[in-house]
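The structure appears below as structure tokens.
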Amino acid sequence: MAELRWASVAVCLLTVVAVGCEAREPSKLSVLPRDLEFNPSPIGVARVEKVFLVNEGGEPLTIHGATATASSLEVPSFEPFTLEAGATRNLEVRFTPDVEGPVRVELEVRTDASNVGPEGVLRVKVSGQGVRPLLEVRTASIDFGTQALGEVREGTLLVHNLMGTDSRVRLEFAGADADQFSSSEASAPRVLSPGEVRALPVFFEPKRLGAAQALARISVCPGCEPLDVPLSGQAIASWLEVTPSRVDFGRVERGNFAEASFTVRNLGSKPLAYGGVKLLDNASGAFFVVKEPTLPDGRLAPGEVMELKLGFSPTTRGPVHEARLELDARPVGTTQPGLQVPLAGEGGAACVEPQTRALDFGLVAEGMSVTREVRLLNRCRTHVLLSGPTLTPRSGGDFLLTHAPASLSIPAGLSASVPVTFQPRTSGASEAGLTLQLHNGHSSFTEEVRVTGTGKVFSPCQYNVEPATVDFGSVPVDAEVTLSAAVRNIGATECYLAGMQLVEGSDATFAADEPGNTVLAPGQRAALLVRFKPSAEGEFSGLAEGRVNHPSNGHVLIPLRGRGVRGCFSVQPTHLDFGVTRLACGPKSRELVVHNKCPGPTTLTGMGLEGDLSDFKLTHGLLFPAVLGPNSETRIQVTYEPRSDGDDTAAFRFDLGTGSPYTVGVLGRGVLKNEQTDEFIRSTKTQVDVLFVVDNSGSMQDEQQLLGENFAAFLSPMSLEGVDYHIAVTTTGVERSSGGWAVCPGGAEGGENGRFFPVDGSSPRIITPSTPSAASVFAYNTRVGVCHWNEMGLEAMYRALSEPLVFNEDDPRTPLAHDGNAHFLRQDASLAVIVVTDEEDFSPQPVSFYETFLEGLKGGDASKVVFSAIAGPKDLGSCPKASSSGHRYIQLAEATGGVVESICTPHWADSLKRTAERISASTRGFPLSERPLDTSRIEVRVDGVEVKTGWTYDGATHSILFQKGAVPAPGSHVRVTYPVDC
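Going by this note's numbering, the first residue of the sequence shown is number 101, and it counts up by one from there.
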């Protein structure tokens, strides 16, 4: 019976299991999505996503908690909960990147699910990327002007979120007077939506008298460099008016003296007690009181005005620490603090300076007159008034001012000239001092130029004009031929020749550089080299002139004529310059090519040589008349073998029987010695024109911001050396962007085509030493956008510095006004180009073309041109974010002795500083006319004294490069002698 009972139980249990107790699946936790990826997020800005916890098993499971492996990922804390079979619950995950670049973290979910290992943790991979927010501040600075105590004035800061994502902005105030500025937007961070432009109000509420200065500091992420906007204002008592509210003496040469004045007016209805003035924070002693009025009974009556004069004499170079003048003027019986007037100034080279400190006329024939100009360059921040130039004789009395203006206004950045005439009435030396009174706003200062010359009695000059008429014959349109208009002394005594030049009114197709005055020994000649470049078909004429010492035949006139032609016949080149040829080195040879591109034969009836026949020779196999076949070319060898020292010129004529032969001009200079001496006068100004070409493709956002943020490091070396700079920016885009993913600012939609950014003039397009808030302007101008794809940096450079942009206020090809590049490129300035890109150059011309173009802008003087590149390096392994190596940019930089830096540089300040130092070095160089045979035998003399240290020979530019602190003073005479080979 017992066995039967247990059997019955077993059967029952089996039945129950089979019918209602089938086995369940264990718990199984899944997280969706399995890998969580956040979009790029600005540093410090949170993004929130949800993950879903799903129990895919048959048993309940418990979620005990969730944590992240890095602080950039956060999960709100929660109480443990049970997730039934098949149930789903979501968790919010917050990603806040605190560094730039990729971020990899894990979300760890603690659970007792059966599919999780013994540690009880399910891990979810989370990835994201922190990006540096790109914020544009459209307000360079805010000057609230003069504001009475207790009153409030409002200004506006415009900020633009250039990101495609939200960007957080925090506004704070910094500086000694930060407590006087405030904003309703400064209490907490503000989030700007993609592309949003927001106006942030800023208030100035002065709490104390005097100048107030602070910074509106805009932070976009923790640890990011803030963007600073200067704020300024002037607090006054309502009863007092001070004009100007800030006295800025500008730049004054060390040891010199500048004077400024300001006025104080009582605006109230009651007298003010006046207790005098006191200088504060004047540790340098550079500021001082020149004149202070004495008021009866120490009272300033209602409506009364008094004038005070201040002086400034810096003893060091650079900006002088700002001082304050405290003015003790207050209502009678009160103890209110005095009004404070800020005083500013800078020591260094004067901001208005003559190009030379010594004007030497040299030797001039008695009875003749020579006029030269003293040119003044205004490097001040405002216009300068030149008044009352005077000449004070020191010995002799033969100088006079020619058409001297009583007063002349010189705009900032421009120049003016004062003509001085030397007309010796007797033999011997003469000297005078030219005094120039200059007024810059409320400041006055004086410059003086030493004027010298020597008179000499010459016998009447016997001379010939060679040739009697300079006939250029036929020259193809836009080709250029150079011929000489010369005067030869055929007498037995010396001649004095002055004023060789083109007569005003000559056709503009003729041009010449004036050679200066000279004394001609018997048999010697002097030539005016005249260039003829016809711009169209037709006849052109002009006149060259000079003056010699002859009582009745002293005015030399030489007619010029030429014809512009178009046709299928030509001779190339139209100008041969053999340069310097040493007599001991043998002849030099060059080739001329005669092209007959006509469909039929052309008959050349003859060739002739005019000029220095013994020095030039033609070698050819033609018999005249020679028939040149259609589409043929004939080569002719030209040999130059000088017979004596001096310049040699000739004209080769190719006669087609038309009466107007085609002409080729030939020049050469024979030199006897096997050593060369180059002489220089150290300029009183150091000028550099700097063009940045910035890549505006889609991958350049961060680099543009870093470039702008580190401008101070670039400017510092040039400021220390007193460089007068012009800085402009263009882009690598030469055509408008096709659009799609981004829009570029500035008005050209990424297609600046060489025009300076911004073409719409929303910011100053050329930065100079007088540009207010230059660093902010540069930062704005380098944020050119990221809308383009076709980088042609070299072509953009070429178009920026060539017609029709380079000298025009307006680009005639566009409807936009004032978008030309006029006033950037200066004749006497060095030229520096800096390309910033992460891509190769795709310009249409070979690199050699652009190198030749740059040198041509400076008359072939390679020492005045430097091209640098911040680009993809040759080894891309060291710069993974560069799209490609900038081989073409690097090639041009190496050819011009420029600096090459990697676009991946982590030290932008250092890279820009090295680039600027290379540019500054080019301003300390003196280019040699030939290559030294032995650099150890170079001799350098400054003002007649040999200098053996402080300079080096730079083989890349063939220049003598002076080191910092050893550069000769302005106006110094530098003489370099060195051996040369053939």
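Quick reminder that beta carbons are idealized off the backbone N, C-alpha and C, glycines included.
- With fewer than 16 other beta carbons inside 10 angstroms of its own, Ala922 counts as exposed.
- The DSSP-derived three-state label of Ser345 is coil.
- Comparing C-alpha distances from Thr582 to each of Phe752, Ala568 and Thr435 shows the shortest one belongs to Phe752.
- Between Arg475 and Ser517, the beta carbon gap of about 5 angstroms places them in contact (Cβ cut-off 8 angstroms).
- Taking Leu136 as the centre and dropping the five residues before and after it, the same chain places the C-beta of Glu149, Val151, Val193, Leu207, Val224, Lys225, Val226 and Ser227 closer than 8 angstroms to its C-beta, in chain order.
- C-alpha of Thr914 to C-alpha of Gly893: approximately 21 angstroms in a straight line.
- Val738 is the residue among Gly708, Val738, Cys668 and Leu723 whose C-alpha sits nearest the C-alpha of Leu692.
- Going by DSSP, Glu159 is part of no alpha helix (DSSP H) at all; its letter is neither H nor E.
- By the C-beta criterion, the region 714-731 is judged not to be in contact with the region 803-810, since fewer than 3 inter-stretch pairs fall below 8 angstroms.
- Its chain contains Leu931, Lys964 and Val965 as the residues whose beta carbon lies nearer than 7 angstroms to that of Lys958, once the 5 sequence neighbours on both sides are disregarded; these appear in chain order.
- The straight-line gap separating the alpha-carbon atoms of Leu234 and Met263 is approximately 6 angstroms.
- Non-local C-beta neighbours of Thr471 in its own chain, meaning closer than 6 angstroms and more than five positions away in sequence, comprise Thr502, Pro519 and Thr521, ordered along the chain.
- Taking C-beta separations shorter than 6 angstroms and ignoring five residues to either side along the sequence, the partners of Pro699 in its chain run Pro730, following chain order.
- Boundaries of the beta strand (DSSP E) around Met707: Gly706 to Gly711.
- For the 9 angstroms CB-CB criterion, Leu1033 and Asp1081 form a contact.
- Note on His675: 16 or more other CB atoms within 10 angstroms of its CB, so buried under the neighbour-count rule.
- Of the candidates Ser670, Met707 and Thr265, the residue whose Cα lies closest to the Cα of Lys697 is Ser670.
- Here the C-alpha atom of Asp824 lies approximately 32 angstroms from the C-alpha atom of Leu602.
- Here Cys595 is bridged, per DSSP, to Leu620.
- In this structure, DSSP gives Ala962 a helical state, which the three-state scheme calls helix.
- Between the region 639-650 and the region 457-471, the count of Cβ pairs shorter than 8 angstroms is three or higher; the stretches touch.
- Cys887 counts as buried, since no fewer than 16 other beta carbons sit within 10 angstroms of its beta carbon.
- Residue ranges of uninterrupted alpha helix (DSSP H) with 4 or more members are absent from the region 622-673; none lies entirely inside it.
- By the Cβ-count criterion, Asp277 is buried, with 16 or more other Cβ atoms from all chains shown falling within 10 Å of its own Cβ.
- When only Cα atoms are considered, Ala627 and Gly998 end up about 38 angstroms apart.
- Three or more Cβ pairs closer than 8 angstroms define a contact, and the region 868-879 falls short of that threshold against the region 845-858.
- Nearest Cα to Thr1035 within the set Ser984, Ile1060 and Thr882: Ile1060.
- The alpha carbon of Ala900 has as its nearest neighbour, out of Glu955, Ala879 and Val834, the alpha carbon of Val834.
- With the rule of 3 Cβ pairs closer than 8 angstroms, the region 581-597 counts as touching the region 607-627.
- Taking 4 residues as the minimum length, the alpha helix (DSSP H) runs contained wholly in the region 873-933 are 874-882 and 893-900, in order along the chain.
- Annotation for Asp778: no alpha helix (DSSP H) segment contains it, though the beta strand (DSSP E) segment containing it runs Glu775 to Ile781.
- The region 213-222 makes no contact with the region 251-260: fewer than 3 CB pairs, one atom from each, lie closer than 8 angstroms.
- In this structure, Arg1041 lies away from Val1000, with their beta-carbon atoms at least 9 angstroms apart.
- Pairing Leu463 with Val656 gives a Cβ-Cβ distance that is not under 9 angstroms.
- Around the beta-carbon of Val452, 16 or more other beta-carbon atoms lie within 10 Å, marking it buried.
- Sequence-distant partners of Glu125 (beyond 5 residues in either direction) whose C-beta falls short of 6 angstroms from its own C-beta, in its chain, are Gly157 and Gly158.
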